[in-house]
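Q: Residue 1 is where the sequence shown starts when you use the UniProt record's numbering, and the numbers rise one by one after that.
Ideal Cβ positions, reconstructed from N, Cα and C, are used throughout, including at glycine.
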Amino acid sequence: MARWLPRSADLTRFCQKLNRVKTLEDDMMETSFNRCLSTVDLTLLGIGGMVGSGLYVLTGTVAKEIAGPAVIVSFIIAGFASLLAALCYAEFGARVPKTGSAYMFTYVSVGEIWAFLIGWNVLLEYMIGGAAVARAWSGYLDSIFNHKIKNFTETHVGAWQVPFLARYPDFLAATILLVATAFISFGAKVSSWLNHVFSAISMGVILFILIMGFILAQPKNWSAQEGGFAPYGLSGIMAGTATCFYAFVGFDVIAASSEEARNPQKAVPRAIAFSLGLATGAYILVSVVLTLMVPWHTLDPDSALADAFYRRGYAWAGFLVAAGSICAMNTVLLSNLFSLPRIVYAMAEDGLFFQVFSRVHPRTQVPVIGIVVFGLLMALLALVFDLEALVQFLSIGTLLAYTFVAASIIVLRFQQQKVDAPAPAAGGRPSPEPREGPSAGELKEYESFSDKLQLVDRDKSKEHREPGQLKAAFEPYLEFLSDFYPGEVVTVAVVTLMVSAICLCSILVFGNTHLHLPTWSYSLLLVLFSLGFLLSLLLIWAHEQQRGTQTFQIPLVPLSPALSIVLNIYLMLKLSYMTWLRFAVWLLLGLLVYFGYGIWHSKENLREPRPQRVRARYVVFPSGSLEERVQAVQPSAQPAAGLPDTDTEDCKR
Numbered sequence: 001m002a003r004w005l006p007r008s009a010d011l012t013r014f015c016q017k018l019n020r021v022k023t024l025e026d027d028m029m030e031t032s033f034n035r036c037l038s039t040v041d042l043t044l045l046g047i048g049g050m051v052g053s054g055l056y057v058l059t060g061t062v063a064k065e066i067a068g069p070a071v072i073v074s075f076i077i078a079g080f081a082s083l084l085a086a087l088c089y090a091e092f093g094a095r096v097p098k099t100g101s102a103y104m105f106t107y108v109s110v111g112e113i114w115a116f117l118i119g120w121n122v123l124l125e126y127m128i129g130g131a132a133v134a135r136a137w138s139g140y141l142d143s144i145f146n147h148k149i150k151n152f153t154e155t156h157v158g159a160w161q162v163p164f165l166a167r168y169p170d171f172l173a174a175t176i177l178l179v180a181t182a183f184i185s186f187g188a189k190v191s192s193w194l195n196h197v198f199s200a201i202s203m204g205v206i207l208f209i210l211i212m213g214f215i216l217a218q219p220k221n222w223s224a225q226e227g228g229f230a231p232y233g234l235s236g237i238m239a240g241t242a243t244c245f246y247a248f249v250g251f252d253v254i255a256a257s258s259e260e261a262r263n264p265q266k267a268v269p270r271a272i273a274f275s276l277g278l279a280t281g282a283y284i285l286v287s288v289v290l291t292l293m294v295p296w297h298t299l300d301p302d303s304a305l306a307d308a309f310y311r312r313g314y315a316w317a318g319f320l321v322a323a324g325s326i327c328a329m330n331t332v333l334l335s336n337l338f339s340l341p342r343i344v345y346a347m348a349e350d351g352l353f354f355q356v357f358s359r360v361h362p363r364t365q366v367p368v369i370g371i372v373v374f375g376l377l378m379a380l381l382a383l384v385f386d387l388e389a390l391v392q393f394l395s396i397g398t399l400l401a402y403t404f405v406a407a408s409i410i411v412l413r414f415q416q417q418k419v420d421a422p423a424p425a426a427g428g429r430p431s432p433e434p435r436e437g438p439s440a441g442e443l444k445e446y447e448s449f450s451d452k453l454q455l456v457d458r459d460k461s462k463e464h465r466e467p468g469q470l471k472a473a474f475e476p477y478l479e480f481l482s483d484f485y486p487g488e489v490v491t492v493a494v495v496t497l498m499v500s501a502i503c504l505c506s507i508l509v510f511g512n513t514h515l516h517l518p519t520w521s522y523s524l525l526l527v528l529f530s531l532g533f534l535l536s537l538l539l540i541w542a543h544e545q546q547r548g549t550q551t552f553q554i555p556l557v558p559l560s561p562a563l564s565i566v567l568n569i570y571l572m573l574k575l576s577y578m579t580w581l582r583f584a585v586w587l588l589l590g591l592l593v594y595f596g597y598g599i600w601h602s603k604e605n606l607r608e609p610r611p612q613r614v615r616a617r618y619v620v621f622p623s624g625s626l627e628e629r630v631q632a633v634q635p636s637a638q639p640a641a642g643l644p645d646t647d648t649e650d651c652k653r
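1. Can you tell me the Cα-Cα spacing of L376 and D170, whole angstroms?
2. Keeping to the same chain, check which residues put their C-beta closer than 6 Å to that of G318; ignore five residues upstream and five downstream.
3. Which two residues bound the contiguous alpha helix (DSSP H) that contains K189?
4. Start and end of the alpha helix (DSSP H) containing G68?
5. Check the C-beta distance from L172 over to E112 and give it rounded, since I have them as a contact under 8 Å.
6. Quick one: measure Cβ to Cβ for A85 and S74, integer angstroms, because I've assumed they're closer than 8 Å.
7. Could you give the first and the last residue of the continuous alpha helix (DSSP H) run that contains H156?
8. Excluding the five sequence neighbours on either side, which residues of its own chain have a C-beta within less than 8 Å of the C-beta of Q416, listed in chain order?
9. Can you tell me whether DSSP reads Y159 as helix, strand or coil?
10. Distance check for D483 and V490, CA to CA, integer angstroms please.
11. DSSP puts L399 in a beta bridge; with which residues?
12. Pull up the CB-CB distance for A261 and L531, whole angstroms please, since I reckon it's below 8 Å.
13. Start and end of the alpha helix (DSSP H) containing L537?
14. Rounded to whole angstroms, what is the Cα-Cα separation between A182 and M572?
15. Among the residues of its own chain, which have a CB less than 8 Å from the CB of V411, if the five just before and after it don't count?
16. I'd like the list of long-range same chain contacts for G370, defined as Cβ closer than 7 Å, with 5 residues on each side in sequence excluded.
17. Identify which residue in A188, N34, A584, L606 has its Cα closest to the Cα of D350.
18. Name, in chain order, the residues that DSSP records as bridge partners for L470.
19. Quick one: residues in its chain with C-beta nearer than 6 Å to the C-beta of A323, no 5 flanking neighbours on either side, listed in chain order?
20. Return the residue from the list L352, F533, P163 that minimises the CA-CA distance to H601.
21. Run the CB neighbour count on N512, radius 10 Å, all protein chains shown included, and call it buried at 16 or more, exposed below.
22. Who pairs with L37 in a beta bridge, going by DSSP?
23. With DSSP as the reference, identify every bridge partner of L337, one or two as the case may be.
24. Would you report the Cα separation of D10 and I599, rounded to the nearest angstrom?
25. Whole-angstrom Cβ separation of G93 and I254, contact assumed at under 8 Å?
26. Under the assumption that F385 contacts A166 (Cβ atoms under 8 Å), give the Cβ distance between them as a whole number of angstroms.
27. Tell me which residue opens and which closes the alpha helix (DSSP H) that N568 is part of.
28. Going along the chain, which residues of its own chain have a beta-carbon closer than 6 Å to the beta-carbon of V360, five neighbours each way excluded?
29. I need the straight-line Cα distance from F14 to R7, nearest angstrom please.
30. So, helix, strand or coil for L352, using DSSP?
31. Helix, strand or coil: which one does DSSP assign to F14?
32. By DSSP, does V165 sit in helix, in strand, or in coil?
33. Taking only the alpha-carbon atoms, compute the straight-line gap between Y283 and Q16 and give it to the nearest angstrom.
34. Secondary structure at F319, three-state DSSP: helix, strand or coil?
35. Are the stretch 289-302 and the stretch 35-52 touching, with three or more C-beta to C-beta distances below 8 Å?
Here is the structure:
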């Protein structure tokens, strides 16, 4: 029985495979895509992804049912919370200008299986999101024509009463997705131009709403007679913040497009900052004019803006609002269809997904196969499925991606810069310096015992310290941490920080409701997990981080990413248990794909060298300095077949 159990060495090798990180090319600007997008193009893509139907629907819903006029405060807090995640994306997009967004960022810093699961969830998120927006677009247009399209379909095609299926097939939603797929297939420049047109119309309508709204504003609608500014109190503001947070999830399209940006090191951070700032301003100002035009408790949640103008005697303005809403939904559709195939391409290019999706059309320079296949799947979802039950799934995928990107920022910031392997010497013998990530076909370099002893014997008093090493000021107090490799303690501290954040948020969300904890145990657990979180944060801060990089860096690391992690985990735990159940099922499917295909076809797996039959013995002599006391003595036997003879002169000093 014991012989069937895996050996510890095999388990270690297997875990190393799961957590291997992506090796980046020397020239990260080299790409098969067309680098044609400017800062303006990326900014408008980001605005199009964020300012969608939520501006016309979400503001009225939150104002009437959750927060009242204090929806303005909810959007301000949600915008700040989104800024924490957006800055993490901005740093990664500038440092790693490759398509793939959260998947790529996780792959280069955390590990392969985590990156695959993030990409797998983002894939479904974009598919459901695009299909849901298409159905909302169809329903909005249908309402303008008094539901004639719906009535015609139900009369001539019929209505369904099947669980998980829509009541009737939505041919209009499927058609708009197919048309958008066709335009996206023509290339990034065509997609960007189309997005410019719809974004310009949408922003023009928003400007009209703001001007007319302030003209028609009545401050008495915030008075105590109408319920006051914050009728639901602080709890209503925070509940509104959780809902408003999802209005800003579209900025990751900018990171997904970084491989098509002309100057991603500057364009990506600027575009994320500009688009998030403009989107937050639009949401706040529209909320102001909406709640000042009519009393908040009389709003129509389904069409708040159009109804507000109608009730103030400007029925014609409702058509402009409808036009702006449809154009805004078009930009969200383009954003989803633009990002999804590129994330699939990144996974396929790395070998973790089917290779057919890594093909780029030589003329349009876009992954046409991925665009067409996933555009058809998105159209099928919009045609026959009831998406209302799946819309909450969008939240958990987005928040999980934000969490891993924030953790990746901390890990990457405290990692040493990877140095390219030196070329072999003229005699054909590899350089004695250790290499990182040897390519397939090379002899594997082994770090000698003397190298490790030199780490112990290094001059600890020198001022310059590498990233991941303990700061000099903390060495007298944390000297036992100096023996670890640079970055090891930080990685363990990040894991501890995330576990503490999960436990802390679980107590906050479930402590009084589901767990029914007594007050003393509730308070004690909060204090313990808060201490664990803060101690992990301090331990990370006590180490050196990378300085002086030429690309954008998020300020206040590790505090800013840590706050983003806590917020994202808290919002994830607020989701329903059915959302978590569907999420678990989708994760299991993803693991089947990864272990059935991805782990075997991964390029990092092919890059790993085959085990070499190399032996080394070390003899320690009792005299001499620390470096001279360790000598490598090669075996006197003949070298193994297939291996080059080793020069014995290395043993002589």
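A: Result, derived from the coordinates:
1. Each residue's alpha carbon lies about 14 Å from the other.
2. So the list reads A306, F309, Y310, once near-sequence residues are dropped.
3. Start and end: 188-215.
4. Where G68 is concerned, there is no enclosing alpha helix (DSSP H), given that its DSSP letter is neither H nor E.
5. The pair is not a contact, with the Cβ atoms about 41 Å apart (cut-off 8 Å).
6. For A85 against S74, the beta-carbon gap comes to about 17 Å, at or over 8 Å, which does not count as contact.
7. Its alpha helix (DSSP H) spans residues 148-156.
8. In its chain, beyond the 5 residues on either side, E466, P467, G468, P486, G487 have a beta carbon closer than 8 Å to the beta carbon of Q416.
9. What sits at residue 159 in the sequence shown is Ala, not Tyr. For A159, the three-state secondary structure derived from DSSP is coil.
10. If I take the Cα positions, the gap works out to 13 Å.
11. Paired residue(s): none; L399 is not in a bridge.
12. Contact doesn't hold; Cβ gap of about 43 Å is too wide.
13. Judged by DSSP secondary structure, L537 falls within the alpha helix (DSSP H) whose first and last residues are 519-541.
14. Going from the Cα of A182 to the Cα of M572 covers about 35 Å.
15. Cβ neighbours of V411 within its own chain (closer than 8 Å, five residues either side excluded): S109, V110, G487, V490, T491, V494.
16. So the list reads P341, V344, Y345, F357, once near-sequence residues are dropped.
17. Nearest to D350 by alpha-carbon distance, out of A188, N34, A584, L606, is L606.
18. DSSP, once it has assigned bridges, lists H543 as partnering L470.
19. Residues of the same chain with a CB within less than 6 Å of the CB of A323, apart from the 5 flanking positions on each side, do not exist.
20. For H601, the closest alpha carbon among the candidates L352, F533, P163 is that of L352.
21. With fewer than 16 other CB atoms across the displayed protein chains lying within 10 angstroms of its CB, N512 is exposed.
22. For L37, which the question treats as bridged, DSSP gives the partners A261.
23. Per DSSP, none; premise fails for L337.
24. When rounded, the separation of the alpha-carbon atoms in D10 and I599 is 15 Å.
25. About 7 Å; that satisfies the 8 Å criterion.
26. Rounded to whole angstroms, the Cβ separation of F385 and A166 is 6 Å, and the two are in contact under 8 Å.
27. 559-573 is the extent of the alpha helix (DSSP H) around N568.
28. The residues are S32, P367.
29. Distance between the alpha carbons of F14 and R7: 11 Å.
30. Correct three-state label for L352: coil.
31. F14: helix per DSSP, three-state reduction.
32. Residue identity check: residue 165 is Leu in the sequence provided, not Val. Reduced to three states, the DSSP call for L165 is strand.
33. Rounded to the nearest angstrom, the two C-alpha atoms are 46 Å apart.
34. DSSP places F319 within a helical segment (H, G or I) once states are collapsed to three.
35. Result no; under three Cβ-Cβ pairs closer than 8 Å.
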